[in-house]
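Here the sequence shown stands for residues 0 to 513, numbered as in numbering that gives the first Met the number 0. From the three backbone atoms N, C-alpha and C, an ideal C-beta is built for every residue, glycine too.
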Amino acid sequence: MSLHAHPSKAARFSREGFSPIPSNQQQFEDQGAMPTNDHTIDIPLEQVASHQSGLRNQSSSAQLRPSLSRDVGATSHRQFFHGRRRKAGEAGGGTGNIGYDGEEDMVNAVGKFYRKVMASSVITRYLLYILPLGILIAIPIIVGATVAQGAKIGGVRIVWFFSWVEIVWASLWAAKVVAHLLPYIFQLVAGVVSSGVRKYALVIRSLEIPLSLVGWGVTSLATFMPIMTRNPTQRAKNDTASKEWENIVQKILAAAVIASLIFLGEKTIIQLISIDYHRKQFAFRIKESKHSIYLLGLLYEASRALFPPYCNEFAEEDYAMADQLNLGKALKNKKGHSRSGSATPMRLIQDVARYGDKLTSAFGNVAKDVTGREVFNPDSAHSIVVGALEKKRTSEALAKRVWMSLVCEGREALYQDDIMDVLGPDHREQAEEAFAVLDRDANGDVSLDEMILVVREMSRERKAIATSMHDVDQAISVLDNLLSAVVLIAVVFVFVAFLNANFVTTLATAGTAL
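Structure below.
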């Protein structure tokens, strides 16, 4: 056995020091090495974005644009984002609508009709609410005036009976319109005498529904007996005496008017107490908070106009804002369920809630016309902004959504001209106010981190005001409930007193005895 090392093995232990890798395949073979077919040697290097600097190369901004399917867990807090809004006039693909990926949403005939109705004037919408039932009520009137002139209800021709029903239906909406206009009339008239009493227009605006009920009840009572007993048919027969059922209905209507007046008085007292105390204690903070949220709502509405809800660019943020039950966070915290299929049930639940909100909003638009208030409309920009401000996670999603949709592609900060460009020249003042609210350090731009901090500050301020007012509102609510119980008892006594003449005598006797 030879003790000398084999020459091929000795070559492995080179004592010549560092040997550089040959620059090409031929030199590699000349040094006695075996040829290789490793294709990784000639892989071209690609530029990698660095997060150490806050600026990016403008020429490579298109290649460094964030992916549309970003992973929430992989996105770090220090990651920089580019804007996604494109300037008007830039060449775009697809359908030409920003936020769509090549497919247009198809709206059926019902959807088109609904959009036309909601985009029409208040008068047009009110006519659409009044006319359908009004036409149905008019059918007996036409029948009673033509083919069935002898048809009667309780001794009154149906043409006159349903004429009163038609008046009752129309007076409901007429009272609603008058009650809606009362605050403006009060401001106009009272403002001439003293500007200090204009604040009570807020009380009248809050009492729109009680005032509508009073006007409706008075109109129904005032028109009942004249139409039933003084109509041309009754006067031709010289039969103008009231019947027993007419007297009972008149008493019920009179009791309803008294009940509505009591209800109006109770709500007036509560509104005076609430507005007076809140005006003295929290007026400035409430005004500033509401104004900031209003401006943020304008920006979010502009963001939705540029990028429709749940589009590819902002599906993650929109689902995060709609996830009030923290379903996505609960799924993320579960280990062993990071597969894409695991998120399907949660996303399905979110989609069901999303379409439920759309259906609720459709009824909410009608209810807004009836009550004069924004009720059960979860799809409105204000409702979404207020809901997003309830939690830290949803606040951050809202901030990212607004910021990245308003900032132009290639920029890494939001400027005042961006907001003016989006809102348009008609909202220049709101654009300046919105940028002043967002630019807290007054350096002329708003970064993503600064945007998140401002939105979170709005959330904290809103919660602080709510906490400060909790005790006051709770006390006022307790007082309102107490007075409502008293009103309910009083209304019962009123109806009993009107329908039972002996009750008044008994009550007077009991009062005298006490």
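If you draw a straight line from the C-alpha of residue i to the C-alpha of residue j, how long is it?
i	j	result
Leu-220	Ala-255	9 Å
Leu-305	Ser-404	7 Å
Ala-178	Ser-211	6 Å
Ser-259	Val-421	48 Å
Ala-474	Val-188	34 Å
Gly-98	Tyr-318	Only weak support is given to the placement of Gly-98: the predicted model assigns it a pLDDT of 45, under 50, and the value that follows is read from those uncertain coordinates. Rounded to the nearest angstrom, the two C-alpha atoms are 15 Å apart.
Gln-249	Gly-216	11 Å
Leu-126	Glu-456	44 Å
Asn-499	Thr-508	15 Å
Val-445	Glu-411	9 Å
His-381	Pro-308	14 Å
Ser-467	Glu-287	15 Å
Arg-229	Tyr-276	51 Å
Ala-147	Leu-263	43 Å
Leu-130	Arg-114	19 Å
Thr-504	Trp-172	38 Å
Val-493	Thr-267	20 Å
Gly-409	Asp-417	13 Å
Val-477	Val-491	21 Å
Thr-511	Asp-472	40 Å
Tyr-128	Ile-251	27 Å
Val-385	Arg-439	21 Å
Pro-225	Val-116	37 Å
Arg-427	Ala-118	24 Å
Since residue i contacts residue j with CB under 8 Å, what's their CB separation in whole angstroms?
i	j	result
Ala-396	Met-320	5 Å
Gln-429	Leu-294	6 Å
Ile-208	Glu-165	In fact, because the Cβ distance is near 23 Å, the residues do not count as touching under 8 Å.
Trp-163	Gly-133	Their Cβ separation, rounded to whole angstroms, is 13 Å, which puts Trp-163 and Gly-133 out of contact at 8 Å.
Leu-388	Arg-461	6 Å
Arg-400	Phe-281	Actually they do not touch by this definition, with Cβ atoms about 30 Å apart.
Ala-489	Ile-122	Incorrect: roughly 38 Å between the Cβ atoms, too far for contact.
Gly-153	Lys-242	7 Å
Thr-218	Ser-170	4 Å
Leaving aside the five residues before and after residue i along the sequence, list all residues of the same chain whose C-beta is less than 6 Å from its C-beta, in chain order.
i	result
Gln-270	Val-202, Ser-205
Ala-398	Met-450, Ile-451, Val-454
Gln-415	Phe-434
Asp-479	Ile-269
Val-158	Ile-140, Gly-143, Ala-144
Ser-458	Leu-388, Ser-394
Name, in chain order, the residues that DSSP records as bridge partners for residue i.
i	result
Ile-152	Val-155
Val-445	Leu-413
Cys-407	Arg-84
Within a Cβ cutoff of 7 Å, which residues of the same chain sit near residue i, ignoring the five residues on either side of it in sequence?
i	result
Val-155	Met-227
Ile-274	Leu-201, Val-202
Ala-253	Leu-220, Phe-497
Gly-214	Ala-174, Val-177, Ala-178
Ile-257	Val-493
Leu-487	none
Met-419	Arg-427, Ala-430
For residue i, count neighbouring Cβ atoms within 10 angstroms of its own Cβ and tell me buried if that reaches 16, exposed if not.
i	result
Glu-316	buried
Phe-161	buried
Trp-244	exposed
Thr-393	buried
Ile-138	exposed
Ala-174	buried
Val-143	Reading off the sequence shown, one finds Gly at residue 143, where the question assumed Val. Buried: at least 16 other Cβ atoms inside 10 Å.
Pro-424	exposed
Ile-383	buried
Thr-239	exposed
Tyr-299	buried
Ala-301	buried
Leu-481	exposed
Pro-182	buried
Phe-502	exposed
Phe-223	buried
Thr-232	exposed
Leu-180	exposed
Report yes if the C-beta of residue i is less than 7 Å from at least one heavy atom of the ligand SAH; otherwise report no.
i	result
Gly-214	Among the ligands in the structure shown, none appear at all, so the ligand SAH cannot be discussed.
Once you ignore the five residues that flank residue i on each side, which residues in its own chain have a CB closer than 8 Å to its CB?
i	result
Leu-437	Leu-413, Val-445, Glu-449, Met-450, Val-453
Val-485	Glu-265
Ser-120	none
Ile-464	Phe-281, Arg-284, Ile-285, Ser-288
Lys-391	Arg-455, Ser-458
Ile-247	Leu-498
Ser-483	Glu-265
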